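Heads up: the sequence shown begins at 0 in numbering that gives the first Met the number 0, then just goes up one per residue. Beta carbons: idealized from backbone N, C-alpha and C, even for Gly. From a predicted model like this one, the values you see are computed outputs, not experimental measurements.
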Amino acid sequence: MLSLLAHALLLSVTFGGHKFGLPDFAFPWIERRLEANNLHITLAPSQPTPLAPASAPSEMPNVGSTSEDKLADVSNETPLVQAPPVLSSPTTSVPAPAPNPAPPSKPVMAAAMRPEVSLPIAPDAPPLRAPAAPDSASDPDTEHKTLERTLGQASPEQDKQNAEMLRKAELIAAAQREAALQEQQRQEAARAEQAARDEVARLEAGRQELARQEARRREVLRQEQARQEEKARQDAIKQEAARQEQAKKEQAQRDRAKQEEEREERLRAIGRQLNEEAAQRDAASTRPARSLLPGESSLRRGWLFGRVDPDADLVLYADAMSRKIERNMTFDMVREVVKQPHVQPTVTVAVRADGSVEKVTFVVSSGVAAIDEAIRKVVASQAPYGAFPPALARRYDVVEIRRTWIFDVSIRLQ
């Protein structure tokens, strides 16, 4: 332990320094490291002749210069310190403040490292004036050493202030660079986010536009399909109407042809009947009378082959006979048999003056024997048909009435 204490004391021995004399012990807690040492002023005798005043110390360059400026060259010259002047009074001496030490050369900062703000510059220390000396001459070596000690004591404090200001400037510049970098990154992120939103909006607008186009295309197709279906339906309706019209026309033509054929057939039958009656009259006129009793050949006969005749009484009697056959329930006698295919028959009924039926003659047969027999039964069932009117009885003994029989829901005579 004693050895350690002894070695520690030996290590604390200081050689040299600002003090004169033998080496002494220097303890760490005594030395103040964060501030300059106390200013010591030593009085020295004045020189016989005064020296010219030294030039003003160079100013410290502005740290806040713009980034566009080039690197400034800092002068590293040390200003001259004037010699202590000789005071007029030989007996009194007034101590003067220490001279302003020359600023050390400052490190050159790159343009990118310079802060954008100007830092305050420490005020220049007042010029150091040497203390007045007595009239007696002093040693020049002693004065020079005293001046060097004074400058050496002032320079470390100024260096610390300059270093502190540079450190603060560098911190400010670094903070500004960091803030600018963050702002740039924020702006880049905002631009990227805005670009992403714009891209999403563009894609969404494109998708909506495609959807609208697809909807319009489908609507056009639907309308076109509906139009074609409506056109096809109208065409089908027109074709059906044309087909029905054509069928009606063909049916009408067939009906007219059939009616024309029937009329021609009736006319041919009438012509044959007239020819036969004419032949009978001719034969009767050529034969002699066989007896005095009225016979068949001696009866007065009248003929009605249609509904028009100059003899109005004969037309009225024929119409009355036709109405009697049509209006009575005679259709039940032929209802079943007329369902067979047949031709409309033409029948001549000979009626005597007392209304009895003389004979029934088929000018045109129906083609069905059952229908012809049913017609004979109908005619016989409605006899007698009434006596001739007096005017008709004076002219005819027998009247032959020819009619065409038509069967539908009843019997009609034409």
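**Asked** When DSSP builds the beta bridges, which residues end up paired with residue 345?
**Response** Mapped onto the sequence shown, residue 345 falls at position 346. Per DSSP, the beta bridge partners of residue 345 are 363 and 403.
**Message:** For residue 180 and residue 190, I'd like the C-alpha separation in whole angstroms.
**Reply:** Here the question's residue 180 lines up with position 181 in the sequence shown. Here the question's residue 190 lines up with position 191 in the sequence shown. Put simply, the backbone Cα of residue 180 is about 15 Å away from that of residue 190.
**Message:** Does residue 373 pass the burial test, meaning 16 or more other C-beta atoms within 10 Å, or should it be called exposed?
**Reply:** Taking the sequence shown and counting its residues from 1, the one referred to as residue 373 is at position 374. Its Cβ being crowded by 16 or more others within 10 Å, residue 373 is buried.
**Item:** Delimiting residues of the beta strand (DSSP E) encompassing residue 10
**Value:** Position 11 of the sequence shown, counted from the start, is the residue given in the question as residue 10. Run containing residue 10: none in the beta strand (DSSP E); it sits in the alpha helix (DSSP H), 1 to 10.
**Asked** In angstroms, rounded to a whole number, what distance separates the CA positions of residue 414 and residue 206?
**Response** Residue 414 falls outside the range modelled here, since the chain spans only 0 to 413, and no answer is possible.
**Request:** May I have the straight-line CA-CA distance separating residue 67 from residue 198, to the nearest angstrom?
**Result:** As a position in the sequence shown, residue 67 is number 68, starting the count at 1. As a position in the sequence shown, residue 198 is number 199, starting the count at 1. Residue placement at residue 67 cannot be trusted, given a pLDDT of 41 that sits under 50; what the coordinates show is reported in the next sentence. Residue 67 and residue 198 have their C-alpha atoms roughly 39 Å apart.
**Request:** Would you kindly work out how many angstroms separate the C-alpha atoms of residue 325 and residue 408, rounded to a whole number?
**Result:** Position 326 of the sequence shown holds residue 325. Position 409 of the sequence shown holds residue 408. Between residue 325 and residue 408, the C-alpha separation is close to 11 Å.
**Message:** Is the beta carbon of residue 399 closer than 8 Å to that of residue 347?
**Reply:** As a first step, residue 347 must be located in the sequence shown, where it is residue number 348. As a first step, residue 399 must be located in the sequence shown, where it is residue number 400. Yes, the pair counts as a contact, with Cβ atoms nearer than the cut-off.
**Prompt:** Is there contact here, the region 352 to 360 with the region 247 to 267, by at least three beta-carbon pairs under 8 Å?
**Reply:** Taking a cut-off of 8 Å on C-beta distances, the region 352 to 360 does not touch the region 247 to 267, as fewer than three cross pairs fall below it.
**Asked** Identify the residues that DSSP records as bridge partners of residue 300: which are they?
**Response** Walking along the sequence shown from the start, residue 300 turns up at place 301. Answer is 397, bridged to residue 300.
**Asked** How do the region 336 to 346 and the region 297 to 311 stand: do at least 3 beta-carbon pairs fall below 8 Å, yes or no?
**Response** Touching, no, given that fewer than three Cβ pairs across the two stretches are closer than 8 Å.
**Request:** Might you give, ordered along the chain, the residues of its own chain that have their beta carbon closer than 8 Å to the beta carbon of residue 271, omitting 5 neighbours on each side?
**Result:** Indexing the sequence shown from 1 puts residue 271 at position 272. If we look at residue 271 and ignore the five residues flanking it on each side, its Cβ neighbours are 362.
**Asked** Ends of the beta strand (DSSP E) at residue 411?
**Response** Within the sequence shown, residue 411 is the residue found at index 412, counting from 1. Segment 410 to 412, the beta strand (DSSP E) holding residue 411.
**Prompt:** How big is the Cα-Cα spacing for residue 222 and residue 235?
**Reply:** Numbered from 1 along the sequence shown, position 223 holds the residue referred to as residue 222. Numbered from 1 along the sequence shown, position 236 holds the residue referred to as residue 235. Each residue's Cα considered, the two are about 20 Å apart.
**Request:** With distances taken Cα to Cα, identify the nearest neighbour of residue 317 among 301, 329 and 330.
**Result:** As a position in the sequence shown, residue 317 is number 318, starting the count at 1. That would be 301, whose Cα lies nearest to the Cα of residue 317.
**Message:** For residue 249 and residue 256, what's the separation of their Cα atoms in angstroms?
**Reply:** Position 250 of the sequence shown, counting from 1, holds the residue named residue 249. Position 257 of the sequence shown, counting from 1, holds the residue named residue 256. When rounded, the distance between both Cα atoms is 10 Å.
**Asked** What's the C-alpha gap between residue 327 and residue 370?
**Response** In the sequence shown, the residue the question calls residue 327 occupies position 328. In the sequence shown, the residue the question calls residue 370 occupies position 371. Pairing residue 327 with residue 370, the inter-Cα distance amounts to about 18 Å.
**Message:** So for residue 351, helix, strand or coil by DSSP?
**Reply:** Counting from one through the sequence shown, the residue named residue 351 turns up at place 352. When secondary structure is reduced to three states using DSSP, residue 351 falls in the strand class.
**Request:** Specify the secondary structure class of residue 357 as computed by DSSP and reduced to three states.
**Result:** In the sequence shown, counting from the first residue as 1, residue 357 sits at position 358. Residue 357 falls in the strand class under three-state DSSP.
**CB of residue 384 within 8 Å of CB of residue 320, strictly** = Position 385 of the sequence shown, counted from the first residue, corresponds to residue 384. Position 321 of the sequence shown, counted from the first residue, corresponds to residue 320. In this structure, residue 320 lies closer than 8 Å to residue 384 by Cβ.
**Message:** Does residue 2 pass the burial test, meaning 16 or more other C-beta atoms within 10 Å, or should it be called exposed?
**Reply:** Locating residue 2 in the sequence shown gives position 3, counting from the first residue. Residue environment analysis places residue 2 among the exposed positions, since fewer than 16 neighbouring C-beta atoms fall within 10 angstroms of its C-beta.
**Asked** Straight-line CA distance for residue 176 to residue 158?
**Response** As a working note, residue 176 is residue 177 in the sequence shown. As a working note, residue 158 is residue 159 in the sequence shown. Each residue's Cα considered, the two are about 26 Å apart.
**Message:** Using a Cβ-Cβ cutoff of less than 8 Å, which residues in the same chain neighbour residue 268 once the five nearest sequence positions on both sides are dropped?
**Reply:** In the sequence shown, residue 268 corresponds to position 269, counting from 1. Excluding residues within five positions, the ones whose Cβ falls inside 8 Å are 345, 362 and 363.
**Request:** Provide the residue span of the alpha helix (DSSP H) that contains residue 306, from first to last.
**Result:** Here residue 306 refers to the residue found at position 307 when the sequence shown is read from its first residue. Residue 306: not part of any alpha helix (DSSP H); DSSP gives it neither H nor E.
**Request:** Give the straight-line distance between the Cα atoms of residue 411 and residue 254, rounded to the nearest whole angstrom.
**Result:** To locate residue 411, count along the sequence shown from 1; it is residue 412. To locate residue 254, count along the sequence shown from 1; it is residue 255. Rounded to the nearest angstrom, the gap between the Cα atoms of residue 411 and residue 254 is 18 Å.
**Asked** In chain order, what residues of the same chain have a beta carbon less than 6 Å from the beta carbon of residue 403, not counting five sequence neighbours either side?
**Response** To locate residue 403, count along the sequence shown from 1; it is residue 404. Non-local C-beta neighbours of residue 403 in its own chain, meaning closer than 6 Å and more than five positions away in sequence, comprise 343, 345 and 413, ordered along the chain.
**Message:** So, with DSSP's three-state summary, where would you put residue 388?
**Reply:** Position 389 of the sequence shown, counted from the first residue, corresponds to residue 388. Correct three-state label for residue 388: coil.
**Asked** Which word fits residue 10, buried or exposed, when buried means at least 16 other C-beta atoms lie within 10 angstroms of its C-beta?
**Response** By one-based count along the sequence shown, residue 10 stands at place 11. Exposed.
**Item:** Close Cβ partners of residue 405 (< 7 Å) along its chain, the five nearest in sequence each way excluded
**Value:** Along the sequence shown, one-based indexing puts residue 405 at 406. Taken in chain order, the residues that qualify are 343, 411 and 413.
**Message:** By the three-class DSSP mapping on this structure, what secondary structure does residue 479 have?
**Reply:** The chain is shown from 0 up to 413; residue 479 falls before or after that span and cannot be answered.
**Asked** Between which two residues does the alpha helix (DSSP H) carrying residue 432 extend?
**Response** Coverage of the chain is limited to positions 0 through 413, which leaves residue 432 absent and any answer about it impossible.
**Request:** Report the three-state DSSP secondary structure of residue 327 (helix, strand or coil).
**Result:** Against the sequence shown, residue 327 aligns to sequence position 328. Of the three classes helix, strand and coil, the one that applies to residue 327 here is coil, per DSSP.
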